[in-house]
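Engineer: Have a look at this one before I ask anything.
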Ligand code: NAD
Ligand code: UFG
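Numbering (the numbering used here), first residue to last: 1073 to 1431.
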């Protein structure tokens, strides 16, 4: 049985689905601070089986000990954590407590239970403002620009030291680039509780009429059109990477680092254009000054994951945007009749309506 911490969250839920699809049994530990039990129903519907669920916190050692005593857990995928960059600047202690403290407590409980296989949801943010593009795993980790980034790097360091101290540990640090998209059924995706920080969820809310305009942060970077360039990766491809990483880690020893990205960067304007072309919805935008802490560009060299895991992102940017939009239409339809959302064109309405009818 695999323990997925944060398994009701955006990425964790896709990982759980992936594991169920490979016949694994799964237990989720989540405190639901940024997700809800609805994910469990969606996972069960799509996966044809239920994951077990325990409401709990990775910082709570007693809860973890009980969890390892109650379930025959052989490996852990640790997705639980806080991820809002701006919030981490305002509330650094909460971020270090959850992301670093929670990881330490989890590792302590794993060691006590004799479970030594661990995958950690890390981030390309640990590379800081890398002078080298594309970024491969030999690139030095840089200076993150915010407490969230530091917390990810610190958690990585904890796990690396631990593996160096005891050969029973087999740890995979998965450095995600920019995960976007939703399950291709349109039934499972990100449902931000607050104003989104990230490009795609914000763009989707503008497209569906919940927000007026997309703020584009910076059009004077040394990039193809002056806007920031990122390596967007479909969340289903990302989830597949976890399954392959788990195979590679089982029975192994030490720390392995893998970038999970496509190797292809797109600018903000390229993403907006692709969205309008693919989904038939216009997105009004306004240029703003650069956002503090942003890097101009960041994209992966994913070759190590290809060679060592046989992992390669298969889905295109258009796939990511189409799947994300399908999910957004579903969310929007739950709140109000889709026909009355202002920026959805007839094409998109027809498409969304037929997709909703098909489910
Ligand atoms: P998410 O917020 O959707 O999911 C995180 C889940 O963890 C949520 O369900 C939340 O309720 C739970 N959680 C938070 N703190 C917890 C705690 N102390 N104990 C138990 N549960 C807790 O975020 P996500 O996008 O799915 O991200 C998952 C992981 O991937 C995070 O660790 C994040 O830092 C990392 N990551 C995300 C991105 C991204 O762009 N989404 C990029 C790089 C890395
Ligand atoms: N952007 C906008 N408008 C917005 C939001 C973003 O123009 O409303 C721009 C940003 O300036 C940047 C690009 O879109 O150029 C991507 O920004 P995101 O916030 O979507 O993603 P980041 O690359 O800044 O950060 C994300 C996660 C981090 C993670 C990092 C690398 O938020 O947690 O990817 O994995 F560390």
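Beta carbons: idealized from backbone N, C-alpha and C, even for Gly.
Please read all numbers here as calculations on a predicted model, not as lab measurements.
Which residues in the same chain as residue 1090 place their Cβ atom closer than 7 Å to its Cβ, once the five residues preceding and following it in sequence are excluded?
Structural biologist: If we look at residue 1090 and ignore the five residues flanking it on each side, its Cβ neighbours are 1311, 1312, 1314 and 1315.
Engineer: From what residue to what residue does the beta strand (DSSP E) around residue 1138 run?
Structural biologist: It is not in any beta strand (DSSP E) - residue 1138 instead sits in the alpha helix (DSSP H) that spans 1133-1142.
Engineer: Consult DSSP for residue 1170 and reduce its assignment to one of helix, strand or coil.
Structural biologist: Looking at residue 1170 - three-state DSSP - the assignment turns out to be helix.
Engineer: By alpha-carbon positions, which one of 1202, 1253, 1086 and 1121 ends up nearest to residue 1395?
Structural biologist: If we check each option's Cα against that of residue 1395, 1253 comes out closest.
Engineer: Give me, in chain order, the residues of the same chain whose beta-carbon lies closer than 6 Å to that of residue 1359; leave out the 5 immediate sequence neighbours on both sides.
Structural biologist: Cβ within range, chain order: 1288 and 1291.
Engineer: Let me know if residue 1401 comes out buried or exposed under the rule of 16 or more other beta-carbons within 10 Å of its beta-carbon.
Structural biologist: Classification for residue 1401: buried.
Engineer: Less than 8 Å between the beta carbons of residue 1188 and residue 1150, yes or no?
Structural biologist: Not a contact, by the Cβ cut-off of 8 Å.
Engineer: What is the rounded straight-line gap between the Cα of residue 1190 and the Cα of residue 1356?
Structural biologist: Each residue's alpha carbon lies about 43 Å from the other.
Engineer: Measuring straight from C-alpha to C-alpha, what distance separates residue 1277 and residue 1247?
Structural biologist: C-alpha separation (whole angstroms): 27 Å.
Engineer: Rounding to the nearest angstrom, what Cα-Cα distance links residue 1368 and residue 1074 in this structure?
Structural biologist: Straight-line Cα distance between these residues: approximately 38 Å.
Engineer: If we ignore side chains and look at the alpha-carbon of each, how far apart do residue 1199 and residue 1229 end up?
Structural biologist: Distance between the alpha carbons of residue 1199 and residue 1229: 13 Å.
Engineer: Between the Cα of residue 1388 and those of 1304, 1381, 1083 and 1379, spot the shortest distance and give me the residue it belongs to.
Structural biologist: For the residues 1304, 1381, 1083 and 1379, the minimum Cα distance to residue 1388 belongs to 1304.
Engineer: Between residue 1316 and the ligand NAD, is the CB less than 7 Å from at least one heavy atom?
Structural biologist: Outside the cutoff, so no.
Engineer: Going by DSSP, which residues form a beta bridge with residue 1339?
Structural biologist: Answer is 1301, bridged to residue 1339.
Engineer: Bridge partners for residue 1250 per DSSP, in chain order?
Structural biologist: According to DSSP, residue 1250 bridges with 1304.
Engineer: For residue 1370, which beta-bridge partners are listed by DSSP?
Structural biologist: 1302.
Engineer: Please state the DSSP three-state secondary structure of residue 1288.
Structural biologist: Residue 1288: strand per DSSP, three-state reduction.
Engineer: Considering only heavy atoms of the ligand NAP, does any lie closer than 7 Å to the CB of residue 1151?
Structural biologist: With respect to small molecules bound, the structure shown includes the ligand NAD and the ligand UFG and not the ligand NAP.
Engineer: Ends of the beta strand (DSSP E) at residue 1326?
Structural biologist: Element bounds for residue 1326: 1326-1332.
Engineer: Kindly indicate which three-state DSSP category residue 1260 falls into: helix, strand or coil?
Structural biologist: DSSP places residue 1260 in coil when its eight states are reduced to three.
Engineer: Would you kindly report the start and end of the unbroken alpha helix (DSSP H) that includes residue 1083?
Structural biologist: Taken as a continuous stretch (DSSP letters only), the alpha helix (DSSP H) holding residue 1083 covers 1082-1093.
Engineer: Could you check where the beta strand (DSSP E) with residue 1357 kicks off and where it finishes?
Structural biologist: First-last of the beta strand (DSSP E) with residue 1357: 1357-1360.
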